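Novice: Residue numbering for the sequence shown follows numbering that gives the first Met the number 0, starting at 0 and increasing by one per position.
Just so you know, even glycine gets a beta-carbon here, dropped at the ideal spot from N, CA and C.
Note that the structure is a prediction, hence the values are computed from the model and not measured.
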Amino acid sequence: MGKKGVLLVNLGTPDSPEVKDVRKYLDQFLMDERVIDISTLSRTLLVKGIIVPFRSPKTAKLYKEIWDENGSPLLYYSKIQAALVQEQLGSAYHVELAMRYQSPSIEAALERMKAGLVESIQVIPLFPQYASASTGSVIQKVMEIVGKWQTIPPVSFVNSFHDNEMMISTFADNAKKYQPETYDQILFSFHGLPERQLKKCDHSGQHCLKSADCCATLTDVNKFCYSAQCHDTARLIAAELNIPATQYSVCFQSRLGKEPWVQPYTSDTLKELAAKGKKRLLVFCPAFVADCLETLYEVTVEYGEEFKKLGGEEVQLVSSLNDHPQWIAALVKMVKEHHSN
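#1: Out of Val-261, Leu-272 and Phe-189, point me to the one whose CA is closest to Val-298's CA.
#2: Tell me whether His-161 counts as near the ligand SAH, meaning its Cβ is closer than 7 Å to at least one heavy atom of that ligand.
#3: Using a threshold of 8 Å, state whether the C-beta atoms of Thr-265 and Tyr-225 are closer than that.
#4: Could you check whether Leu-96 and Leu-7 sit closer than 8 Å to each other, using their CB atoms as the reference points?
#5: Tell me whether Met-166 is buried or exposed, calling it buried when 16 or more other Cβ atoms sit within 10 Å of its Cβ.
#6: Once DSSP output is grouped into helix, strand and coil, what is the label at Arg-54?
#7: Classify Asn-326: buried if its beta carbon has 16 or more other beta carbons within 10 angstroms, exposed otherwise.
#8: Would you call the CB atoms of Phe-28 and Val-34 closer than 8 Å?
#9: Hey, quick one: how far does the alpha helix (DSSP H) through Tyr-24 stretch, first residue to last?
#10: Could you give the C-beta distance for Gln-80 and Leu-330, rounded to a whole number, given that I count them as a contact under 8 Å?
#11: Does Lys-3 pass the burial test, meaning 16 or more other C-beta atoms within 10 Å, or should it be called exposed?
#12: For Lys-278 and Gln-315, what's the separation of their Cα atoms in angstroms?
#13: Nearest by alpha-carbon distance to Met-0: which of Gln-87, Tyr-92 and Ala-227 is it?
#14: According to DSSP, what are the bridge partners of Glu-313?
#15: Report the rounded CA-to-CA distance for Cys-291 versus Leu-73, giving the unit in angstroms.
#16: Taking contact to mean at least 3 C-beta pairs separated by less than 8 Å, is the region 274 to 288 in contact with the region 227 to 236?
#17: Would you tell me roughly how many angstroms separate the C-alpha atoms of Pro-127 and Lys-275, rounded to the nearest one?
#18: Run through DSSP, which three-state label would Ala-97 get?
#19: Which of helix, strand or coil does DSSP assign to Asn-173?
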């Protein structure tokens, strides 16, 4: 019997923090039709004519702030995750790591699996909550590539794992060293999405953004909604730590452009909490399984400085899953359970 293939896919990172590499990364990322879901002409004019030329130098400076002797933190931890999963799964499995954008590429990873004569391919997009712009993009890319092969092996996908018990427990474990009960408020800050993308995922057309609390509870109608899955992840982590609903807030960061994105925005939440006299905040970023620009810089530095200007004292980031043994065990269990179904 051939080996079982496992493809772990994260979002991606520039090859270096230099402007040329950041420009290349942003161009590939933002030209994805699922990331900026407008007409090809409009997307091309917006990305290549405005966003990439102006954002690349600024973003490169930010990447230089988090780049260390190991390079990109996202790539560093992703490589460790893949290596540890391979080690624990053993020789019956062929594990590959890929990035949706830049290196290592999905194409190269799949070709190595093909050359290794795997009998099946299981794809795990490393995004806990499903979104068309992340998980959906990975699935589409893999299908485009494998669909051109003459012999197509069984291919399966993990759609989301927002409520994975071991993942929830790992985030909670990472927070315990900070003594969450000593903070004025707990924030669950997720990556943002345009509201139009949430609406597109509502196949009923009758639920999304029709009420202020449409994402508060998972139902058959919104079970694939990114925002609803985010709220559910936050609820589960809070429950694991015995944090009452009044002591935590769900918010969304990394907004791009002026159109409405899923709310509340993290910046607005910081203003509201500061106005209420909150001084110390503990922040989770459960949309990410490895620390990256959005956690290490956007939360720790940008939001930290913003909150202090508003009168706050501390914004403490809870580390992402990174190489936590329980997170590796969660991935291994995910693979084995999926292959046994």
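Specialist: So, to answer that:
#1: For the purposes of this step, residue 298 is taken as residue 299 along the sequence shown, with counting starting at 1. Of the candidates Val-261, Leu-272 and Phe-189, the one whose C-alpha sits nearest the C-alpha of Val-298 is Phe-189.
#2: The model on display carries no ligand, and the ligand SAH is accordingly not part of it.
#3: Stepping through the sequence shown from its first residue, residue 265 is reached at position 266. Stepping through the sequence shown from its first residue, residue 225 is reached at position 226. No, they are not a contact pair.
#4: For this step, residue 7 is matched to residue 8 along the sequence shown. For this step, residue 96 is matched to residue 97 along the sequence shown. A contact, by the Cβ cut-off of 8 Å.
#5: Walking along the sequence shown from the start, residue 166 turns up at place 167. By the 10 Å Cβ count, Met-166 comes out buried.
#6: Reading the sequence shown from its first residue, position 55 is the one you call residue 54. Helix.
#7: For this step, residue 326 is matched to residue 327 along the sequence shown. Just to set this straight, residue 326 is Trp in the shown sequence, not Asn. Trp-326 comes out buried.
#8: Residue 28 sits at position 29 when you count from the first residue of the sequence shown. Residue 34 sits at position 35 when you count from the first residue of the sequence shown. In this structure, Val-34 lies closer than 8 Å to Phe-28 by Cβ.
#9: Numbered from 1 along the sequence shown, position 25 holds the residue referred to as residue 24. Element bounds for Tyr-24: 18 to 29.
#10: Here the question's residue 80 lines up with position 81 in the sequence shown. Here the question's residue 330 lines up with position 331 in the sequence shown. Confirmed, about 7 Å.
#11: In the sequence shown, residue 3 corresponds to position 4, counting from 1. Flag for Lys-3 reads buried.
#12: Translated into positions along the sequence shown, residue 278 becomes position 279. Translated into positions along the sequence shown, residue 315 becomes position 316. Answer to the nearest angstrom: the Cα atoms are 11 Å apart.
#13: By 1-based counting over the sequence shown, the position of residue 0 is 1. The option with the nearest alpha carbon to Met-0 is Tyr-92.
#14: In the sequence shown, the residue the question calls residue 313 occupies position 314. In DSSP, Glu-313 forms a bridge with Arg-279.
#15: Residue mapping note: residue 291 aligns to position 292 of the sequence shown, counting from 1. Residue mapping note: residue 73 aligns to position 74 of the sequence shown, counting from 1. Their backbone Cα atoms lie some 5 Å apart in a straight line.
#16: yes
#17: Residue 127 sits at position 128 when you count from the first residue of the sequence shown. Residue 275 sits at position 276 when you count from the first residue of the sequence shown. Answer to the nearest angstrom: the Cα atoms are 32 Å apart.
#18: If you number the sequence shown from 1, residue 97 lands on position 98. Ala-97 falls in the strand class under three-state DSSP.
#19: Against the sequence shown, residue 173 aligns to sequence position 174. Three-state result, Asn-173: helix.
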